[in-house]
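This report concerns only the one structure given below.
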Amino acid sequence: MTTKAKLLAVSLDCPEPKTLAEFYHAITGWEITYAEDEYAAVSDGTTNIYFGRIAEREPVTWPSPNKQFHLDFRVPDVERAVEEYVALGATRPEFQPGITEEGVRWIVLQDPAGHAFCVCPESS
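Counting with UniProt numbering, you get residues 1 to 124 for the letters of the sequence shown.
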């Protein structure tokens, strides 16, 4: 039997860790547990998102085969959340594969450093 692992954190490279920690604090409500120029973190007490400074990091475009990961977040009202997150500094790319004739299944956004994340309804 394989040893089972529990996810501790996801680490994101970015040019401004404190800025990204503030953004994810705003959208998740998670506490900013560390905030320095080189490194920052948010946590819900169990899982963390870490932000490490890589000044020359360039965001990938969406869609792109260069995208290495994305985060998914559930919200009670997708359209309202998207409006709020864009007001906080996210961008909404034109390409939206989660919007179909049947309705909104998810909306892709990019955080202020260009990392893709999806805003998903609480039930689907």
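Don't be surprised by glycine CBs; every beta carbon is placed ideally from N, CA and C.
Asked                                                                                                                                         : Found
Tell me the rounded alpha-carbon separation between S123 and V104.                                                                            : 12 Å
Looking at C-beta atoms only, is the number of pairs between the stretch 37-55 and the stretch 76-84 that lie closer than 8 Å three or more?  : no
Apart from the five residues on each side of it in sequence, which residues of its chain come closer than 6 Å, Cβ to Cβ, to V42?              : A21, Y24, H25, W30, I32 and I49
Identify whether I36 lies in helix, strand or coil by the three-state DSSP scheme.                                                            : According to the sequence as given, residue 36 is Glu; it is not Ile. In this structure, E36 counts as coil in the three-state DSSP scheme.
Bridge partners of S43, per DSSP?                                                                                                             : E31 and N48
How many Å lie between P121 and S11 at the Cα?                                                                                                : 25 Å
Given a threshold of 16 other Cβ atoms within 10 Å of its Cβ, counted over all protein chains shown, does A5 qualify as buried or as exposed? : exposed
Just the Cα atoms here: how many angstroms apart are A55 and V119?                                                                            : 27 Å
Report the rounded CA-to-CA distance for A116 versus V108, giving the unit in angstroms.                                                      : 7 Å
With C-beta atoms as the reference, is Q68 less than 7 Å away from T91?                                                                       : no
Assuming contact is defined by CB atoms lying nearer than 7 Å, are G52 and Y39 in contact in what I supplied?                                 : yes
Could you tell me the alpha carbon to alpha carbon distance between F95 and P63, rounded to whole angstroms?                                  : 7 Å
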